[in-house]
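Colleague: Going line by line, the protein sequences match chains X and D. Using this note's numbering, read the first sequence as starting at 26 and increasing by one per residue. Using this note's numbering, read the second sequence as starting at 10 and increasing by one per residue. Cβ coordinates follow ideal geometry from the N, Cα and C atoms, glycine included. This is the structure I want to talk about, given as structure tokens.
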Amino acid sequence: MRKLAILLLLFSFGFSWAQEQTSPLVNKKNEFRVDVLQALAYGKISVSYERFFEGSFSVGVNGNFSNSARIEDDYNNGFRNNIPRYEINPYVRYALSKSKARYYFAEIFASANGGDFKEIVRENSGGNGFYTIKETQYNDFALGGSLGYKMYFKDAFALEVLVGFGSNLTNKEMSPDVISRVGINLGYRF
Amino acid sequence: MFNVMKKIVLLFLGLFVVSFSSCDTNDDDFYNTEYVRVNGLVTIETQASYAVGDKITVNCVVDRLVNELGQSTPLDIRKTTNNAPSLTFSYVLEKQNGSEWVPVSVPANQMEVSSGQLQNLGFYLATAPYDTVQDAYVFRAGLPLLSSGTYRLSYGYNSEETDVVELRSNSASDAITLLIYTTSNALNNSGFYTFTVN
Chain X
26 MRKLAILLLL FSFGFSWAQE QTSPLVNKKN EFRVDVLQAL AYGKISVSYE
76 RFFEGSFSVG VNGNFSNSAR IEDDYNNGFR NNIPRYEINP YVRYALSKSK
126 ARYYFAEIFA SANGGDFKEI VRENSGGNGF YTIKETQYND FALGGSLGYK
176 MYFKDAFALE VLVGFGSNLT NKEMSPDVIS RVGINLGYRF
Chain D
10 MFNVMKKIVL LFLGLFVVSF SSCDTNDDDF YNTEYVRVNG LVTIETQASY
60 AVGDKITVNC VVDRLVNELG QSTPLDIRKT TNNAPSLTFS YVLEKQNGSE
110 WVPVSVPANQ MEVSSGQLQN LGFYLATAPY DTVQDAYVFR AGLPLLSSGT
160 YRLSYGYNSE ETDVVELRSN SASDAITLLI YTTSNALNNS GFYTFTVN
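Now the structure itself:
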């Protein structure tokens, strides 16, 4: 009885493995995604493309464009001194599970990002000084890492949850210290 | 596989901690506030002696143009604050009761306010509105001394500083709020004006 159980277990693993190897997803190398969390919570457009290779690696790029009224209000009312406007985030991913249909993954990403920055400066006019808010643009470059989980439905539609953080490196006086990659993405693989 | 995942998760957590431990403060401050130093804007109208029924009067006049410490040109407060309607500051009047100092609470109808507004909120909140004729923010109010004893007046209620008075402009939320650190006369090294009412 025990031998039978082990045999069934091995058989089921083998069947599952064979299923994964023959999954239609193996032949679908491209995927587009949209981040619904960022869109609903922050008014941010976040789209991604991912290219899958043989084995466990994939590469991709994510683009974010923000025009959030809430962030704009915080900026105008002095609760923050910058507004991130764009992020271009290329990434490399490694699947941590064997399954092609649902798996955990880790990624490292870079981020070219920029936006508006403001500071108070003292100026002179007509022999008198005054303080005024001066606005400029910033650009910065970040590196970071993420973890996520992805699952497919009907061998084409993807649901992905992602949590990641990176640190800006070159212009921290003006840019946000931390770049976050937190999202719930819906995608299509083809 | 489990070990690889564990290492990656730990690596990620490490990255996470490093990212946040190196944060500076440029995401969590009030970026519309400017701090300046201008001495001598608040005055206690001191008397040689006080009797019951006298008033302790505080006076504040802040011209539109003030001499900011460390700057070669006068500072235009109106232009900086986008015409803030008033400045506020706070002070406390206490009376000695044995070894304790007890706040003196004067009802609004007994305050003698000749310019601006004064509110009793446990401390006294003074508001100096902009006066177009004087081209200055002006406040003057007296508090009656209703019983004999030793009193002291200080400005540090809303501040950790003892030797400065903090004047804050009531600017619109999207304009610059000016925080003016100034001095008052008659304070001792601990930041108190102590006097006796006979």
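(1) Which bits of chain X does T42 of chain D rub up against, with CB to CB less than 9 angstroms?
(2) Can you tell me where the alpha helix (DSSP H) holding K88 of chain D begins and where it ends?
(3) So, under 8 angstroms CB-CB, L96 of chain D and R177 of chain D are touching, yes? Tell me the CB distance rounded to an integer number of Å.
(4) Answer with yes or no whether the minimum CB distance from G140 of chain X to chain D is below 8 angstroms.
(5) Between which two residues does the beta strand (DSSP E) harbouring N101 of chain X extend?
(6) To the nearest whole angstrom, what separates the beta carbons of Y74 of chain X and V86 of chain X, a pair I think is in contact under 8 angstroms?
(7) For V47 of chain D, I'd like the list of residues in its chain whose CB is within less than 7 angstroms of its CB, leaving aside the five on either flank, ordered along the chain.
(8) Report the three-state DSSP secondary structure of A117 of chain D (helix, strand or coil).
(9) Tell me whether T205 of chain D is buried or exposed, calling it buried when 16 or more other Cβ atoms sit within 10 Å of its Cβ.
(10) What's the call for A167 of chain X, buried or exposed, on a 16-neighbour Cβ count within 10 Å?
(11) Going along the chain, which unbroken runs of the beta strand (DSSP E) with 3 or more residues stay wholly within the stretch 93 to 170 of chain D?
(12) Going by alpha carbons, who is nearest to F132 of chain D out of D:V122, D:S99 and D:A117?
(13) Ends of the alpha helix (DSSP H) at Q63 of chain X?
(14) Per DSSP, P201 of chain X is paired with what?
(15) In the DSSP assignment, what are the bridge partners of E112 of chain X?
(16) Assuming G169 of chain X and F190 of chain X form a contact by the criterion Cβ under 8 angstroms, report the distance between their Cβ atoms to the nearest whole angstrom.
(17) Using a Cβ-Cβ cut-off of 8 angstroms, state whether P83 of chain D counts as contacting chain X.
(18) Checking contacts by CB at 8 angstroms: is G154 of chain X closer than that to chain D?
(19) What would DSSP say about A184 of chain D, mapped onto helix, strand or coil?
(20) When Cβ atoms are compared, which residues of the stretch 172 to 188 of chain D fall closer than 7 angstroms to chain X?
(21) Specify the secondary structure class of N52 of chain X as computed by DSSP and reduced to three states.
(22) Measure how close the beta-carbons of L154 of chain D and Y146 of chain D come, nearest whole angstrom, since I'm counting them as under 8 angstroms.
(23) Whole angstroms is fine: what's the gap from K175 of chain X's alpha carbon to R127 of chain X's?
(24) Interface residues of chain D around N149 of chain X at Cβ under 8 angstroms?
(25) Going along chain D in order, which residues have a C-beta closer than 8 angstroms to the C-beta of I158 of chain X?
(26) Thinking C-alpha only, which one of D:V111, D:G158 and D:L130 is nearest A60 of chain D?
(27) Classify A137 of chain X: buried if its beta carbon has 16 or more other beta carbons within 10 angstroms, exposed otherwise.
Modeller: With the given structure in hand:
(1) G103 and I145
(2) I86 to T89
(3) 7 angstroms
(4) No, its Cβ sits nowhere closer than 8 angstroms to a Cβ of chain D.
(5) Per DSSP, N101 of chain X belongs to no beta strand (DSSP E); it is in the alpha helix (DSSP H), A94 to N101.
(6) So it is a contact: roughly 6 angstroms between Cβ atoms.
(7) V75, N76, E77, L78, I189 and T191
(8) helix
(9) exposed
(10) Label assigned to A167 of chain X: buried.
(11) 95 to 106, 109 to 112, 121 to 124, 126 to 129, 133 to 140, 145 to 153 and 158 to 163
(12) D:S99
(13) V61 to Y67
(14) Bridge partners of P201 of chain X: none, in fact.
(15) X:N89 and X:N138
(16) Indeed they touch by this definition, with Cβ atoms about 5 angstroms apart.
(17) Chain X, which has a Cβ nearer than 8 angstroms to the Cβ of P83 of chain D, makes this yes.
(18) yes
(19) coil
(20) S182, D183 and I185
(21) helix
(22) The beta carbons of L154 of chain D and Y146 of chain D sit about 27 angstroms from each other, so the pair does not count as a contact at 8 angstroms.
(23) 5 angstroms
(24) T82
(25) N41 and I185
(26) D:G158
(27) By the neighbour-count definition (other C-beta atoms within 10 Å, threshold 16), A137 of chain X is an exposed residue.
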